[in-house]
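Enquirer: A single structure is presented below for examination.
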Amino acid sequence: MKRTAAGKPSGPSQRQLRAGELTRHALVEVMREHEIQDPDLAGVPITLTQVRMSPDLRHAICFVEPLGGQKYSVVVDALNRHAKFLRGRLGRAIEMKFTPDLKFVHDETFNEASRINALFDDPKVAQDLASDSDED
Numbered sequence: 011m012k013r014t015a016a017g018k019p020s021g022p023s024q025r026q027l028r029a030g031e032l033t034r035h036a037l038v039e040v041m042r043e044h045e046i047q048d049p050d051l052a053g054v055p056i057t058l059t060q061v062r063m064s065p066d067l068r069h070a071i072c073f074v075e076p077l078g079g080q081k082y083s084v085v086v087d088a089l090n091r092h093a094k095f096l097r098g099r100l101g102r103a104i105e106m107k108f109t110p111d112l113k114f115v116h117d118e119t120f121n122e123a124s125r126i127n128a129l130f131d132d133p134k135v136a137q138d139l140a141s142d143s144d145e146d
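If you read the sequence shown in the numbering used here, its first letter stands for residue 11, the second for the next number, and so on.
Here it is, written out as structure tokens:
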């Protein structure tokens, strides 16, 4: 793991990143193949954007975004209710020493990107950006 000048870890290790991607791909396949019988998830397309693994690879935080962006709290709660079922199916799909415990959370990056794009569309910001390019 990379370390900063103070000797503290600066981010996830290559092993964590690799295991997270492996888990994400396998979990997408599990969710596609095995229909979860839950009315809160019926007909809701879900994007699994990222999986962050703990350093010991025993815990995974799965970032999800229901397409359409509505009722995300209901979808996240439903996925967390079915986390043990998904973990069991995931254990059969990947070859790791331990199958990680799954925790699903809403991914805020799409909302943040929309907010930043809205700021760029603001006339005052566009005016400032135009004046900065004129000075160059």
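Using N, Cα and C, we set each Cβ at its ideal position, and we do this for glycine too.
(1) Just verifying my parser: in three-state terms, what is the DSSP assignment at Asp100?
(2) Could you tell me which residues DSSP puts in a beta bridge with His116?
(3) At the level of alpha carbons, what is the spacing between Leu77 and Phe120?
(4) If Asp117 sits next to Gln24, beta carbons under 8 angstroms apart, how far is it from one beta carbon to the other, in whole angstroms?
(5) Which ranges would you report for the beta strand (DSSP E) in the segment 30-71 if only whole runs of at least 3 residues count?
(6) Are the beta-carbon atoms of Ala93 and Lys107 separated by less than 8 angstroms?
(7) Report, in whole angstroms, the separation of the C-beta atoms of Val54 and Val86, which I expect to be a contact under 8 angstroms.
(8) Would you check if the distance between the CB atom of His40 and the CB atom of Leu96 is smaller than 8 angstroms?
(9) Does the Cβ-Cβ distance between Ala29 and Leu67 come in under 8 angstroms?
(10) Tell me which residues share the same chain as Pro65 and place their Cβ nearer than 6 angstroms to its Cβ, disregarding the 5 neighbours each side in the sequence.
(11) Exposed or buried, which one is Glu75 when buried takes at least 16 other CB atoms within 10 Å?
(12) What residue from Asp132, Ile56, Glu105 has the CA that sits closest to Cys72's CA?
Expert: Straight from the coordinates:
(1) According to the sequence shown, residue 100 is Leu rather than Asp. Helix at Leu100.
(2) Val74
(3) 11 angstroms
(4) Between Gln24 and Asp117 the Cβ distance is about 23 angstroms, and since that is not below 8 angstroms, they are no contact.
(5) 56-63
(6) Going by C-beta atoms, Ala93 is not nearer than 8 angstroms to Lys107.
(7) Wrong, their Cβ atoms sit about 11 angstroms apart, outside the cutoff.
(8) Looking at the sequence provided, one finds Val at residue 40 rather than His. Closer than 8 angstroms, so yes.
(9) The answer is yes: Cβ separation under 8 angstroms.
(10) Closer than 6 angstroms at the Cβ level, and outside the excluded window around Pro65, lies no residue.
(11) buried
(12) Ile56
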